[in-house]
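S.K.: For the sequence shown, our numbering gives the first residue as 297, with consecutive numbering after it.
Think of the CB as a built atom: it goes at the ideal place given N, C-alpha and C, for glycine as much as any other residue.
These numbers were taken from a predicted model, which means no experiment stands behind them.
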Amino acid sequence: MEKSLIACKNCGNQFSGKYCSHCGEKVYGEHDRSVLHFLEEVFHFATHFEGALLTTIKTFILHPGKVSDDYCFGIRKKYFKPISLYLLLVVLYLLFPKFEGLNMRLQFYERQPVYGQFAGQKIKSVMQKTGMSFAQLEEVFRAKSEKTSKFLLPVLIPLTALFFWLLTFRRRKYFFDQIIFATEANCIFLLWGFLAFPVLLLLADYVNYSINHTHLRPAERIVAILVYLGACIFVAVGSRRFYKLSYPQSIAFALLFGAVQVFNVTVPYKFLSFIITISQIH
Numbered sequence: 297m298e299k300s301l302i303a304c305k306n307c308g309n310q311f312s313g314k315y316c317s318h319c320g321e322k323v324y325g326e327h328d329r330s331v332l333h334f335l336e337e338v339f340h341f342a343t344h345f346e347g348a349l350l351t352t353i354k355t356f357i358l359h360p361g362k363v364s365d366d367y368c369f370g371i372r373k374k375y376f377k378p379i380s381l382y383l384l385l386v387v388l389y390l391l392f393p394k395f396e397g398l399n400m401r402l403q404f405y406e407r408q409p410v411y412g413q414f415a416g417q418k419i420k421s422v423m424q425k426t427g428m429s430f431a432q433l434e435e436v437f438r439a440k441s442e443k444t445s446k447f448l449l450p451v452l453i454p455l456t457a458l459f460f461w462l463l464t465f466r467r468r469k470y471f472f473d474q475i476i477f478a479t480e481a482n483c484i485f486l487l488w489g490f491l492a493f494p495v496l497l498l499l500a501d502y503v504n505y506s507i508n509h510t511h512l513r514p515a516e517r518i519v520a521i522l523v524y525l526g527a528c529i530f531v532a533v534g535s536r537r538f539y540k541l542s543y544p545q546s547i548a549f550a551l552l553f554g555a556v557q558v559f560n561v562t563v564p565y566k567f568l569s570f571i572i573t574i575s576q577i578h
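(1) I'd like to confirm the pairing. Which residues does DSSP put opposite K377 in its beta bridges?
(2) Hey, L350 and L491 are a contact pair by Cβ (cut 8 Å); roughly how many whole angstroms apart?
(3) Could you spell out where the alpha helix (DSSP H) holding W488 opens and where it closes?
(4) If you reduce the DSSP assignment to three classes, tell me which class A303 lands in.
(5) With H, G and I counted as helix, E and B as strand and the rest as coil, what does DSSP make of Y411?
(6) Considering only the alpha carbon of each residue, which of R467, L496 and F459 lies closest to T479?
(7) Compute the Euclidean distance between the alpha carbons of P564 and K446, then round it to the nearest angstrom.
(8) Nearest to E434 by alpha carbon, out of E406, L448, V451 and F414?
(9) Nearest-angstrom Cα distance between S569 and S441?
(10) Taking the alpha-carbon positions, what's the H359 to P378 distance?
(11) Specify, as a first and last residue, the run of the alpha helix (DSSP H) that F434 falls within.
(12) Thinking C-beta only, is T573 closer than 7 Å to F437?
(13) Taking C-alpha atoms, which residue in G320, S575 and T426 lies nearest to N306?
(14) Is there at least one non-hydrogen atom of the ligand SAH closer than 6 Å to the beta-carbon of T479?
(15) Relative to the C-alpha of T444, which candidate in W461, V531 and M400 has its C-alpha closest?
(16) Would you mind giving the Cβ-Cβ distance between S364 and F538, rounded to the nearest angstrom? I have them listed as a contact below 8 Å.
(17) Which residues in the same chain as L301 place their Cβ atom closer than 7 Å to its Cβ, once the five residues preceding and following it in sequence are excluded?
(18) Would you list the one or two residues that DSSP bridges to Q545?
(19) Whose C-beta lies closer than 8 Å to the C-beta of I547 among residues of the same chain, with five residues either side of it excluded?
(20) Could you tell me the alpha carbon to alpha carbon distance between T510 and L497, rounded to whole angstroms?
(21) Taking all protein chains shown into account, decide if T426 is buried (16 or more other Cβ within 10 angstroms of its Cβ) or exposed.
In structure tokens:
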């Protein structure tokens, strides 16, 4: 006996089974409208979310480059989507405003060698229009830039991907592949540099204060070196796996990445952050 056909409520296609053969719309029955099914969906989402998330982060840390290699090869089911993970890390970063991270003080932009003169003129112009002193403007700027600087973090991904593509164009990787590995590298950059490392500094400061009754005040340059060094080590190992580079090539690749990442963060990213933030002050 032939199964009776069902008309898809989404596209009108005639089909048999639980899913439309044309658009994939599911046929919902009485069970799908029950509270039990709702709880089942919540449980499935939570367990899948947690499992995929932990698997991805664990693979990031223990096997740099493997997630990107698998993902571009077509093995994706067990992993959390790299771009979704990056956005999740940005959200977590938003929840910790006390970690200065990429949110720089107004003086930084005046001293910037590439666009410092332009920034100084813009700051003076805003001070004249608003009647604020530099200290007042800095306070307002800092409050607004906390969120702006974090929301702009995804800008680093295409910039990193472009660098990877230029450096490895002979490997004939799709630009999509470059985006995936750039996302993985920036996930580690964010996870290590602006989430895990600040927590470690807080713990070290707590221990030091408990023993010596003084707070740790590491130099900004030392902190920056440790942040970029961690990212470079990850990229060195990851690029060897993802691009099939030799040891010397992967080390050179990582060192170039560190230099380019410093440039991307201090010039295009922070310049864009400055422009958007200062334009919000009237």
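M.R.: The relevant details are as follows:
(1) None, per the DSSP bridge assignment.
(2) Taking 8 Å as the upper bound for CB-CB distance, L350 and L491 are not in contact here, some 16 Å apart.
(3) Counting along the chain, W488 falls outside any alpha helix (DSSP H), and DSSP gives it neither H nor E.
(4) strand
(5) coil
(6) F459
(7) 14 Å
(8) E406
(9) Whole-angstrom Cα-Cα distance: 7 Å.
(10) As the crow flies, the alpha-carbon of H359 is around 15 Å from that of P378.
(11) Going by the sequence as given, residue 434 is Glu instead of Phe. F430 to F447 is the extent of the alpha helix (DSSP H) around E434.
(12) yes
(13) With respect to the C-alpha of N306, the residue from G320, S575 and T426 having the closest C-alpha is G320.
(14) Absent from the structure shown: the ligand SAH. Ligands present: none.
(15) Relative to T444, the option among W461, V531 and M400 whose CA is nearest is M400.
(16) The distance from the Cβ of S364 to that of F538 is about 5 Å, consistent with a contact at the 8 Å cut-off.
(17) Q310, F311 and S312
(18) Beta-bridge pairing links Q545 to no other residue.
(19) A532
(20) 14 Å
(21) exposed
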